[in-house]
Structure formats: C-alpha cells, structure tokens
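Letter 63 of the sequence shown, counting from 1, is numbered 482 in the numbering used here, and no numbers are missing.
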Amino acid sequence: MEEYRRIADRVEAAVRDGRLSPGDRLPPQRVFARRHGIANSTAIRVYGELARRGLVVGEVGRGTFVRAAPPLPGPALAEATGAAPVDLQLNYPVAEGQSELMARALAALSRPDVLAEAVSGPAAATGTPEAREAAVSVLARPGWAPDPESVLFAGNGRQAIAAALSALVPPGGRLGVETLTYPLVKAVAERLGIRLVPLALDDEGVRPEALAAAHRATPLAAVYLQPTLHNPLSVTAGEGRRTELAELLRRLELTAVEDTTWAFLLPPGPVRRGAPDPRAAPVPPSGPAPHGVPAPHGALAPHGALAPHGALAPHGASAPHGAPAPHGAPAPHGASAPHGASAPHGASAPRGAPAPLAAYAPERVVLVDSLSKRLAPGLTVGYLVVPGRLRTAVAEALRSGAWTAGGLALAAATRWAGDGTVAEAVAVKRAETEARHALVRRHLGGYAVRTSPHAYYCWWELPAPWRAETFAAAAAERAGVAVTPGSAFAVGPGSAPDAIRVGLASPPRAVLDGALARLAALAAEGA
C-alpha cells in the first residue's frame with residue numbers, strides 16, 4: 420500500500436474512534452508533512468484522499484476540517500438516512516388528500532386487460548404515443564411545450580440525468596456545473612468517470628462569462644444547469660439571461676442538460692407548442708457578456724454566497740440598493756403575489772415561470788424532469804426532451820443503463836396526467852409553499868436565509884462561529900433534525916460554504932414548525 424494511503428487510514432481511524440471530532444481543523448499541509456516526516460507532496464495526497472473518502476472538507480482561506488460523521492453519501496437527498504427523527508434532507512412535497520386523487524387512475528389500472536398490458540414488460544425509452552402526449556401536458560411551461568416526438572422516458576428523474584450525462588460526456592470528459600449543484604450529479608459523475616468543472620453563480624444562476632471562460636480553457640463536453648428554482652439557492656434566470664445562455668451554447672456548439680424538476684412550483688402562463696410565445700415570454704435581444712466584464716451585483720464567488728435581494732435579511736434589513744429582483748424581474752407595480760398570497764419578508768412577488776432554456780435553444784438543450792415531486796416519492800417516472808440529433812444516443816443510454824421506465828409506472832403516469840390528477844396535486848403543492856415559508860419567516864427571519872416564495876427549500880448561511888458540518892452534526896444530535904451541509908452541493912476543492920440546505924416539503928406542517936424552532940434555538944446557542 421502506498422504511504423499516503425496508510426497515513427490516510429490512520430487519520431480515518433482517529434475520526435471513527437472520536438479522537439478527531441466533526442469541526443476539528445487539521446494542521447496546514449506543510450505542518451502535517453513535518454509532523455509525519457513526509458514530503459509536502461505526500462501530505463497533499465493524504466489530504467486529497469481524506470477528501471475523497473468524505474472525511475474532511477476544505478474551505479478557502481480557512482483550512483481543512485473534519486466533516487460530520489458519518490459522512491453524507493454522494494446521492495444525499497435521494498435516500499433517507501434515518502439519522503434524526505425529523506428529516507429535512509429529503510424533500511418530497513406530499514399534499515394532503517393526494518392519495519385519494521391518485522386512487523382514481525389506479526382503479527382503472529386494476530382492469531385485467533389494462534393491467535396485463537402495463538406489467539407485460541419494461542416500457543420502451545420512447546414510451547407510447549399516449550404517454551408522450553401526456554408528458555407534453557405535464558412538461559408544458561409558460562410560452563412553450565415540447566414536441567411529443569422529442570420525449571423519452573426514464574425510471575425517475577435521477578436516471579434521466581444519468582442517461583443524459585452518459586450519452587453526452589465520455590469517461591474523462593469535462594462537465595460544467597454550477598459551483599453549488601445537485602449532489603446526485605456529483606455522484607453520477609464520479610461513477611461515470613466525468614470530471615466536474617465548477618462555474619460561478621450570481622442571482623440568476625450560472626454566469627455566461629464563467630461558462631465561456633471554462634470552455635475556452637479546456638473544451639467542455641456538456642454543461643448541467645438548473646435555471647429555474649435552483650437547488651439549493653432557489654434563484655431563477657430571467658429571460659435576458661436565458662437568451663444569453665442560448666446564444667452562448669450555439670456559439671460554443673455546446674449541449675446543456677437543463678434540470679427543471681422544481682420548475683412546476685412557479686405559477687403557470689400561456690402555452691404554445693414548439694417555441695416561446697412572445698406575448699408570454701418576451702425575449703429582448705441580448706448577447707453574451709463580454710469577456711472580462713465585472714461580476715453582476717450580488718455575484719456568488721465559487722466558494723460562497725451572499726444573500727440576494729429577496730432573501731430573508733437579518734432583522735428585516737432591506738436588500739442593497741439596485742440589487743436585482745428574484746427570477747430576473749420584479750412584479751409589475753402594484754401586483755400582488757399569486758392567489759393573493761403575500762410575498763416573503765424582503766421579497767418582491769415574482770412573475771410566472773419563464774419558458775425553459777430548451778425553448779430558447781431546442782437544438783442545444785436536453786431537458787430532464789420528474790413526476791415524483793409533483794405526486795409522491797414512491798411513484799417515479801423521469802422525462803427527457805431531447806433534440807433529434809441526440810435522441811438515438813440518449814435512448815441507447817437509457818436501455819443500456821437499465822434506466823427505462825417500468826410499464827406499470829408509465830401507464831399510471833399517463834392516466835394521472837390525462838385525468839387531471841397531476842394538475843390538481845401541483846395546484847395544492849403550490850398553495851402550500853406560502854404556509855411553509857411563513858414558518859421560515861417566523862423562526863429564521865433574523866438570519867441570512869436565501870429562498871424563493873415558491874421553493875420547498877431554503878439556503879441558510881449560518882452565523883459565526885458555526886460551520887456547516889458542525890451545525891449539521893449538532894442539529895441531528897441535539898435538535899433531532901437532519902439537514903444538509905453546504906459541502907454536499909459544493910463542487911471543487913475548498914468551495915464548501917458555511918451554509919445548510921433546509922428542506923421544507925416532507926414533514927407535516929406542525930412537525931416542520933417545531934423542527935425550525937429547534938434549529939433556530941441551536942443557532943442562537945453557538946457552536
């Protein structure tokens with residue numbers, strides 16, 4: 420065994436038996452090398468191995484710290500950990516009464532002839548004509564709906580992402596991702612041998628000049644983006660930003676995987692198949708930002724985030740003068756929040772959802788989405804909208820990866836879309852967000868919390884002296900609440916911010932109320 424691995428094993432043993440605790444800081448690498456009588460280059464490899472094992476996290480300008488034990492798995496947010504009574508890591512909205520809604524379609528599926536067809540085998544990647552038309556009704560966005568022939572099906576949203584990345588990025592290839600990204604993408608990339616390239620963010624998501632610079636340095640095979648209700652930051656790109664990104668993708672001849680899993684929570688607008696409707700989603704002419712332009716106001720550096728306009732500012736403080744509104748545009752003068760709901764403290768009421776990036780550059784974007792967030796976590800179908808030139812490759816990735824949808828799940832999803840079940844469940848879940856954000860305002864209103872009134876999660880930049888890993892461990896042990904530290908989302912060495920994501924969707928409202936109260940009390944106690 421190589422020396423650096425033997426030393427890493429000894430450090431891991433110290434973490435496991437408690438000699439090193441979550442939040443403990445390791446010495447600088449030069450000091451570590453001197454203490455262990457090894458070369459600096461070997462110490463660098465030891466620290467890299469410890470990070471790879473999930474035992475430590477590096478922070479720019481602060482050092483290397485022991486993570487909360489046991490370390491969170493790569494696909495954190497995909498399976499329950501059971502580490503605490505209240506799980507605010509998992510984030511599946513479950514609407515009251517949705518089981519009764521779904522029972523209607525299941526009753527129809529119980530007919531022997533229908534059931535026999537549904538369970539006769541796995542569905543094809545292309546599904547059926549009825550399934551594709553149903554998918555169009557589910558995926559349609561303000562100003563856009565996909566061509567049914569462009570739709571493919573996966574077993575769930577995570578498998579849709581895996582298939583898209585497998586088809587687009589070869590082993591060893593470079594995938595551009597936002598500096599804070601969906602943890603599953605990190606895990607899938609590791610399994611597929613894909614190298615992640617972090618791209619700087621601002622209040623509208625990925626910055627076009629950061630994407631251009633990364634591709635110019637060494638060409639990217641593709642880019643994975645969440646332009647609508649980004650997880651975990653809740654930011655949404657405006658129409659101008661989407662135009663810039665679309666033009667940049669064309670100029671670079673680059674394909675984007677657009678994840679719209681949470682976009683259904685934004686209020687809807689008119690739909691027109693195949694292209695943006697200029698009445699619903701006007702797209703002003705604009706080009707990519709020139710190279711070397713300064714970062715927009717409120718830009719996020721790769722290693723952290725400052726609360727944008729619309730965040731829950733400490734003690735009611737207003738956003739800095741001139742800060743951009745969430746979702747790229749403020750509500751018209753005098754407009755109220757959707758359905759009469761009040762906007763969160765410090766936030767202006769956002770417009771309805773903009774058309775997806777796939778509407779602006781359909782030949783350059785693979786859109787992925789999921790049914791489970793709309794309905795229930797145990798009922799999964801993943802959707803992909805794929806340009807014609809890539810359809811064969813993505814369909815083959817679905818088949819070879821065994822990622823196609825099950826026949827019964829696809830049949831149920833088709834019926835739920837056609838009989839209005841999906842639309843009813845979505846309406847209930849949109850309405851529920853306001854009540855849950857009222858709880859966030861009540862308990863966390865005095866802290867730097869980044870969120871959107873339509874998101875089922877918030878990003879809490881912790882007060883000093885808390886570190887994210889230490890707080891997550893203390894929350895589980897002392898408050899009985901599981902939360903996700905920023906390191907689960909961070910890409911790149913030393914990029915983990917001292918922030919946590921708090922999921923608001925899964926527990927009943929009363930349970931969430933108590934959990935947020937305990938988290939606030941823990942934060943006030945200090946580390």
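For each residue, glycine too, the CB sits at the ideal point set by N, CA and C.
Please identify the residue among the options whose C-alpha is closest to the C-alpha of residue i.
i    : options                : result
P515 : E422, G911, L794       : Reading off the sequence, residue 515 comes out as Glu, not Pro. Residue L794 is the option with its Cα nearest to E515.
P796 : R670, D917, V513       : V513
A850 : A832, Y875, R869       : Y875
A452 : A462, T852, A936, R486 : A462
G482 : A915, I426, G899, L594 : A915
W563 : A898, E549, A772, W835 : A772
G820 : A894, V930, R438, V607 : V607
L947 : N650, E944, Q578, T637 : Since the first and last residues shown for the chain are 420 and 946, residue 947 lies out of range.
P627 : A892, V604, K605, L673 : L673
R810 : A586, R424, Y423       : A586
P884 : E944, A553, R660       : E944
A778 : L558, P904, R808       : L558
R960 : A909, A554, D621       : Because the chain in this structure spans residues 420 to 946, residue 960 falls outside the shown range and cannot be described.
A522 : K605, R834, T852, T870 : R834
Q578 : K848, A830, T680       : T680
F908 : L652, R429, R635, E658 : L652
Determine the contact status of residue i and residue j, defining contact as a CB-CB distance below 9 Å.
i    : j    : result
S791 : Y511 : yes
I580 : D678 : yes
L685 : H455 : no
S906 : V476 : yes
G437 : R886 : no
A583 : V787 : yes
A934 : P926 : yes
L618 : V596 : yes
V900 : P602 : no
A832 : L803 : no
L671 : L931 : no
A894 : L941 : yes
G826 : G576 : no
A898 : R937 : yes
R472 : E422 : no
R928 : A854 : yes
K955 : V902 : Here the chain covers residues 420 to 946 and nothing more, so residue 955 does not appear.
P565 : A553 : no
To which residues of the same chain is residue i closer than 8 Å at the C-beta, ignoring the five residues directly before and after it?
i    : result
A675 : A641, V642, Y643, L644, L664, L668, L776, A780, R783, V784, V785
T823 : P541, A542, A543, A544, F572, A573, G574, L817
R551 : T545, P567, E568, V570
P751 : Residue placement at P751 cannot be trusted, given a pLDDT of 33 that sits under 50; the coordinates are not used to answer.
A682 : R560, T647, L648, A772, P775, D788
P446 : R454
A724 : Note that A724 scores 35 on pLDDT, short of 50, meaning its location in the model is unreliable; the coordinates nonetheless yield the value given after this. Same-chain partners within the cutoff: L599, L620, L652, R869, W878, E880, P916, A918.
Within a Cβ cutoff of 6 Å, which residues of the same chain sit near residue i, ignoring the five residues on either side of it in sequence?
i    : result
H734 : Low local confidence applies: a pLDDT of 33 at H734 is under 50, so the model's placement there is unreliable, and no value is given.
D917 : L881, R886, A887
R691 : Note that R691 scores a pLDDT of 34, beneath 50, so its modelled location is shaky; the value from the coordinates is reported in the next line. Within the same chain, R691 has no close Cβ partners at all.
G624 : P646, H649, V654, A656
V616 : R593, G595, A633
P548 : none
V588 : L594, I613, A640, A641
G711 : Low confidence applies to G711: its pLDDT is 33, below 50, so where it sits in the model is not reliable enough to give any reading.
A427 : V465, E468, L469
R444 : G482, F484
A828 : V800
S556 : A836
T852 : H873
Can you tell me which residues form a DSSP beta bridge with residue i?
i    : result
T483 : L445, G477
E597 : L618
A909 : L599
S569 : Paired residue(s): none; S569 is not in a bridge.
A894 : DSSP, once it has assigned bridges, lists no residue as partnering A894.
D678 : V787
D436 : D436 pairs with nothing; no bridge assigned.
D803 : Correcting the residue type first, residue 803 is Leu in the shown sequence and not Asp. In DSSP, L803 forms a bridge with L571, V787.
Y876 : G922
V642 : G595, A675
Please go through the same chain and pick out, in chain order, the residues whose beta-carbon is closer than 7 Å to the beta-carbon of residue i, but skip the five residues on each side of it.
i    : result
S440 : V485
R449 : N459
R424 : E468
T637 : R593
V805 : S569, L571, V785, V813
| said: When you compare the segment 918–935 with the segment 854–868, are there three or more beta-carbon pairs, one atom per stretch, that lie closer than 8 Å? | reply: yes
| query | Does the count of Cβ pairs from the segment 835–846 and the segment 567–577 closer than 8 Å reach three? | reply | no
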